[in-house]
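Sequence lines, in order, name chains A and B.
Using the working numbering, you'd call the opening residue of the first sequence number 212 and step up by one each time.
Using the working numbering, you'd call the opening residue of the second sequence number 212 and step up by one each time.
Think of the CB as a built atom: it goes at the ideal place given N, C-alpha and C, for glycine as much as any other residue.
Report on the following structure.
There are 2 protein chains.
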Amino acid sequence: MADETTIYDIARRAGVGIATVSRVLNGSDRVAPATRDAVRAAMDDLGYRPNRAARRLAVRGPNRPRVVALMPMFSTNFYFSASRPLAQGLARANMDLVIHDVEDRPMKLRLVDRVADERSAEGLIMCSMGIGPERQERFLRLGVPVICVDYLLPGLPSVTVDNRAGAAMAAAHLTAGGSKRLGLIGGPSEAVAFRLREEGFVAAVGAAAPVARAEAITREAGRVAVAELLERDAQLDGIVAVNDLLALGALEELRSRGCRVPDDIQVIGFDDQPLMDALGLSTVHQPMPAFGAWAAEAMQSLLTNPRAEVPSRQLPLTLVARATTREAPRKRGK
Amino acid sequence: MADETTIYDIARRAGVGIATVSRVLNGSDRVAPATRDAVRAAMDDLGYRPNRAARRLAVRGPNRPRVVALMPMFSTNFYFSASRPLAQGLARANMDLVIHDVEDRPMKLRLVDRVADERSAEGLIMCSMGIGPERQERFLRLGVPVICVDYLLPGLPSVTVDNRAGAAMAAAHLTAGGSKRLGLIGGPSEAVAFRLREEGFVAAVGAAAPVARAEAITREAGRVAVAELLERDAQLDGIVAVNDLLALGALEELRSRGCRVPDDIQVIGFDDQPLMDALGLSTVHQPMPAFGAWAAEAMQSLLTNPRAEVPSRQLPLTLVARATTREAPRKRGK
DNA sequence: CTGTTAGCGCATTCAA
DNA sequence: TTGAATGCGCTAACAG
Chain A
212 MADETTIYDI
222 ARRAGVGIAT
232 VSRVLNGSDR
242 VAPATRDAVR
252 AAMDDLGYRP
262 NRAARRLAVR
272 GPNRPRVVAL
282 MPMFSTNFYF
292 SASRPLAQGL
302 ARANMDLVIH
312 DVEDRPMKLR
322 LVDRVADERS
332 AEGLIMCSMG
342 IGPERQERFL
352 RLGVPVICVD
362 YLLPGLPSVT
372 VDNRAGAAMA
382 AAHLTAGGSK
392 RLGLIGGPSE
402 AVAFRLREEG
412 FVAAVGAAAP
422 VARAEAITRE
432 AGRVAVAELL
442 ERDAQLDGIV
452 AVNDLLALGA
462 LEELRSRGCR
472 VPDDIQVIGF
482 DDQPLMDALG
492 LSTVHQPMPA
502 FGAWAAEAMQ
512 SLLTNPRAEV
522 PSRQLPLTLV
532 ARATTREAPR
542 KRGK
Chain B
212 MADETTIYDI
222 ARRAGVGIAT
232 VSRVLNGSDR
242 VAPATRDAVR
252 AAMDDLGYRP
262 NRAARRLAVR
272 GPNRPRVVAL
282 MPMFSTNFYF
292 SASRPLAQGL
302 ARANMDLVIH
312 DVEDRPMKLR
322 LVDRVADERS
332 AEGLIMCSMG
342 IGPERQERFL
352 RLGVPVICVD
362 YLLPGLPSVT
372 VDNRAGAAMA
382 AAHLTAGGSK
392 RLGLIGGPSE
402 AVAFRLREEG
412 FVAAVGAAAP
422 VARAEAITRE
432 AGRVAVAELL
442 ERDAQLDGIV
452 AVNDLLALGA
462 LEELRSRGCR
472 VPDDIQVIGF
482 DDQPLMDALG
492 LSTVHQPMPA
502 FGAWAAEAMQ
512 SLLTNPRAEV
522 PSRQLPLTLV
532 ARATTREAPR
542 KRGK
C-alpha cells in the first residue's frame with residue numbers, strides 16, 4: 212500500500228540510472244562513493260524498501276515451495292512438540308515453513324484469505340481448526356493443498372486422535388480404580404478437541420456427572436475448576452481433565468485442601484506432555500510428534516504429486532497410569 | 212534448478228495461449244472444461260509449479276517484510292517460550308516469520324548464505340549462535356539487519372543474560388545453604404550459553420571442582436552426569452546444572468540412590484522452564500519470553516528505520532529458591 | 001471462451 | 001563508473 216516507491220523513483224531523485232541504484236542496493240563496490248551516498252540519501256528520503264518478489268524473479272531465485280501453518284499456540288505444549296518434526300520434515304524436503312500464531316477466528320480467516328489472495332503459499336496446514344467450505348473450495352480450485360492437524364475435516368487429509376474414546380478411556384480407568392462419582396474439568400469451548408473429550412466423558416459417565424469448564428489452559432484455571440466441581444458435589448472421588456495442565460492445577464488444589472490423591476480422589480489428565488512422568492500424573496498419552504511428522508510427509512507427497520491420495524490418519528491414544536490413579540501401572544509408565 | 216517449466220511451456224504443450232494457462236491456474240471458470248483439462252494434463256506432464264515471485268510481482272501483492280529466525284530447537288524449551296512473543300510481535304508489525312531449525316554448523320551456514328544469496332528476507336535473527344565476520348559484513352552491505360538472541364556478538368544488537376554471573380549465583384546459593392563441595396553438570400560444548408555457565412561456575416568455585424558434561428539436554432543425560440560426578444567425588448554435597456532438565460535427571464538419580472535432596476545434597480538448575488515450580492526445583496530464572504519480545508521490537512525498529520540505534524540488552528537473571536536447596540525461599544517462589 | 005499485449009520491480013548485460 | 005535496454009514468469013486488461 213504505502214510502499215510504492217521503486218528504484219525508478221529513487222534513481223530520478225538521485226539523478227542516476229536505475230542500474231546504479233541496483234548496484235548500491237546489492238552492495239557493489241563498482242560505484243563512486245559520492246553517488247553511492249547520494250543514492251542512499253534518496254532511499255532514506257523516500258523510505259524505499261526493495262520488492263522481494265521482483266528481486267527473486269530477476270535473479271531467477273529458486274522457487275522453494277512454502278507452506279504456512281496456522282496454529283493456536285496459546286493452548287499448550289502440544290504445538291511445540293508437533294512443530295519440531297514438522298519443521299524438520301519440511302526442511303528436509305526443501306520447503307519453507309511459515310508459522311502463524313492464530314489468536315482468534317477473525318484472525319484465522321484473515322490469514323487464510325491472505326494466502327489465497329496473495330498466492331503466498333503452495334500448501335496450507337490448519338492446526339486444531341477448520342476452514343469453511345467455501346474457502347476449502349477456493350483452495351481446491353487454486354490447487355493449493357490443505358491438510359488438517361488435530362482436526363477432522365471431511366474431504367481433507369487429516370491426522371487426529373479419537374478424543375471421545377480417549378476421554379472415555381480415562382473415565383473407565385478411574386472407574387476401574389474404584390471411583391464412583393466422576394467429574395470433568397473441561398476446556399474453553401472454542402477448542403474442538405476439548406469439546407470432543409467432554410462429549411466422550413459425558414457419553415461414558417452419564418449426563419448427570421458434573422462438568423466445569425476451565426477458562427484457560429492453565430494450572431490456575433484447573434484449580435478454579437476443581438473447586439467448582441467440589442462445590443457441586445463434595446463426594447466426587449474421580450476427576451478427569453481434558454488437559455494435563457488443568458489436571459495439575461486440580462491436583463494442587465486438592466492437595467492444598469488436604470485431599471489425598473489417589474486415595475481419596477483419583478485424577479487423570481490428557482496429552483501426556485513433557486515432564487508429566489516426572490510429576491507422576493496419570494494421563495492419556497497423545498503421540499504429539501507424530502502429528503507433525505505426518506503433516507510434513509503428507510504435505511510433501513501432496514506437493515510432489517498434487518493428485519496423490521493422502522489417506523487421513525488416526526493416531527493411537529494410550530492410557531498411562533501413574534501416581535494419581537489407583538490402577539496398577541502397565542506399560543508406558545516410563 | 213529442476214523447475215524451469217513456465218506457463219509458456221505448458222501453453223505450447225497444450226496448444227493454447229498463456230492467458231488460458233493463467234486462467235486455469237487461478238481457478239477461473241471462464242475456461243472450457245475441455246481446454247481446462249488439457250492444460251491440467253500438460254501441467255502434470257511437465258511437473259509444472261508456478262513461480263511465486265512472478266505471481267506476486269504481477270498481482271502487485273503487498274511486499275510484507277519477512278524475517279527468518281535460525282534456532283537450534285533441539286536444546287530446550289527455551290525456544291518455544293521465546294518464539295511465541297517473537298511470532299506475535301512480528302505479526303502485529305505485519306511481518307512474516309520463517310523459522311528454521313538449525314541442526315548443525317554446516318546447516319547454519321547454508322541457511323545464512325541462502326538468505327543472502329536469494330535476498331529472501333529483510334531481517335535475520337540468530338538465536339544462540341553467531342555469524343562469521345565476513346557474513347556479517349555481507350548482510351551489512353546488503354542492508355539486511357541481523358540481530359542476536361541469547362548470544363553476544365560485538366557490533367550487533369543482541370539480547371542476552373549474564374550466564375557467567377548466573378552460574379556463580381547458583382553456586383553461591385548452594386554455598387550459602389551450607390554445601391562445601393560443589394560439582395557441575397555442564398552441557399554440550401557447542402552451546403555457548405552452557406560454556407559460559409561452566410566458566411562462571413569454575414570461576415566462582417575454583418578449578419578443582421569436578422565438572423561432568425552431559426551429552427544431551429535430557430534427564431537421562433543428567434542422570435549419567437551426576438553418576439560420573441559422584442564417582443569422581445563421593446563427598447559432593449551440591450550440584451549445579453547448566454539446565455533444568457539436567458538438574459531434574461540428577462535429582463532422579465540421586466533419589467534413586469537414596470540421597471536426600473536437599474538435606475544430603477543440594478541441586479540447582481538453570482532456566483526455570485515451565486513446570487519447574489511444580490517440580491520444586493531451585494533454579495536460576497531466565498525471562499524467556501522477554502528474549503522474543505525484544506527481538507520482535509528490535510527487528511521492527513530496524514526495519515522501520517535502517518539506521519536506528521538499537522541498543523543491546525541484558526536481561527536480568529533471578530535466583531529462584533525452591534525445594535531442592537536449603538536457603539529459605541524468597542520472592543518469585545510461586 | 002481465448003489469444004495478444006503490456007507491464008510488475010529489479011538485476012544485468014553491453015556500451016559508453 | 002554509469003546508463004539504456006532486455007528479460008525473469010505471471011496476471012490483467014483488451015480485443016477477437
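- Shown in chain order are the members of the stretch 295 to 313 of chain A whose Cβ falls below 9 Å from a Cβ of chain B: Arg295, Ala298, Gln299, Ala302, Asp307, Leu308, Val309, Ile310, His311, Asp312.
- Only residues of its own chain outside the window of five on either side were considered, and among them Val370, Thr371, Val372, Asp373 have a CB closer than 8 Å to the CB of Gln525 (chain B), listed in chain order.
- Taking one beta carbon from each stretch, the stretch 429 to 437 of chain A and the stretch 497 to 508 of chain A have fewer than 3 pairs nearer than 8 Å; the two do not touch.
- Per DSSP, reduced to three states, the secondary structure at Ile450 (chain A) is strand.
- For the pair Glu426 (chain B) and Ala432 (chain B), the CB atoms are nearer than the 8 Å cut-off.
- Within the same chain, and ignoring the five residues on either side of Ala253 (chain B) in sequence, the residues whose Cβ sits closer than 6 Å to its Cβ are Ile221, Arg224, Ala225.
- Rounded to the nearest angstrom, the gap between the Cα atoms of Ile358 (chain B) and Ser331 (chain A) is 26 Å.
- Within chain A, Phe291 have C-beta atoms less than 7 Å from the C-beta of Phe291 (chain B), given in sequence order.
- In the three-state DSSP reduction, Ala414 (chain A) falls in the helix class (H, G or I).
- If you draw a straight line from the Cα of Leu393 (chain B) to the Cα of Asp448 (chain B), it comes to about 6 Å.
- Under a criterion of Cβ atoms nearer than 7 Å, no residue of chain A is adjacent to Gly480 (chain B); the nearest Cβ is some 13 Å distant.
- Only buried fits Asn288 (chain B), as 16 or more other CB atoms lie within 10 angstroms of its CB.
- Contact annotation: in the stretch 240 to 274 of chain A, residues whose CB is within less than 8 Å of a CB in chain B are Asp255, Arg260, Pro261, Asn262, Arg263, Ala264, Ala265, Arg266, Arg267, Leu268, Val270, Gly272, Pro273, Asn274.
- When C-beta distances to chain A are compared with 8 Å, the residues of the stretch 455 to 466 of chain B below that value are Leu459, Glu463, in chain order.
- Residue pairing from DSSP leaves Gln497 (chain A) without any beta-bridge partner.
- Ranked by Cα distance from Ala264 (chain B), the first of B:Gly503, B:Glu329, B:Ser294 is B:Glu329.
- According to the DSSP assignment, Asp361 (chain A) belongs to no alpha helix (DSSP H), since it is labelled neither H nor E.
- Linking Arg303 (chain A) to Val313 (chain B) through their CA atoms gives a straight-line distance of about 11 Å.
- Spatial neighbours of Asp444 (chain A) in its own chain (CB-CB distance under 8 Å, excluding positions within 5 residues in sequence) are listed in chain order as Arg392, Gly394, Pro421.
- Against Leu490 (chain B), the close residues of chain A are Leu486, Ala489, Leu490, in the order they occur along the chain (beta-carbon pairs closer than 9 Å).
- Here Leu407 (chain B) has Asn374, Arg375 as same chain residues with Cβ atoms under 7 Å from its own Cβ, once five neighbours each way along the sequence are excluded.
- As DSSP reads the structure, Gln477 (chain A) sits in a beta bridge with A:Gly449.
- Judged by DSSP secondary structure, Val227 (chain B) falls outside any beta strand (DSSP E); it is assigned neither H nor E.
- Assigned with DSSP and collapsed to three states, Ser331 (chain A) falls in coil, not helix or strand.
- Taking one beta carbon from each stretch, the stretch 229 to 247 of chain B and the stretch 289 to 299 of chain B have fewer than 3 pairs nearer than 8 Å; the two do not touch.
- Where Arg424 (chain A) is concerned, there is no enclosing alpha helix (DSSP H), although the beta strand (DSSP E) around it starts and stops at 422 to 424.
- Taking C-beta atoms as the reference points, Ile476 (chain B) and Thr494 (chain B) fail to come closer than 8 Å.
- Ile221 (chain A) carries a helical assignment under DSSP once its states are collapsed to helix, strand and coil.
- Counting only the Cα atoms, Met337 (chain B) lies some 26 Å from Pro485 (chain A).
- Chain-ordered, the chain B residues with CB closer than 9 Å to the CB of Leu353 (chain A) read Leu236, Asn237, Gly238.
- Residue state for Arg524 (chain A) is assigned as strand, using DSSP reduced to three classes.
- Here Arg468 (chain B) is exposed. Its C-beta has fewer than 16 other C-beta atoms within 10 Å.
- Listed along chain B are Arg263, Val309, each with a C-beta nearer than 9 Å to that of Arg277 (chain A).
- At least one beta carbon of chain A lies nearer than 8 Å to the beta carbon of Met284 (chain B).
- For Glu520 (chain A), not one C-beta of chain B is nearer than 8 Å to its own C-beta.
- In this structure, the CA atom of Ser292 (chain B) is about 28 Å from the CA atom of Asn516 (chain B).
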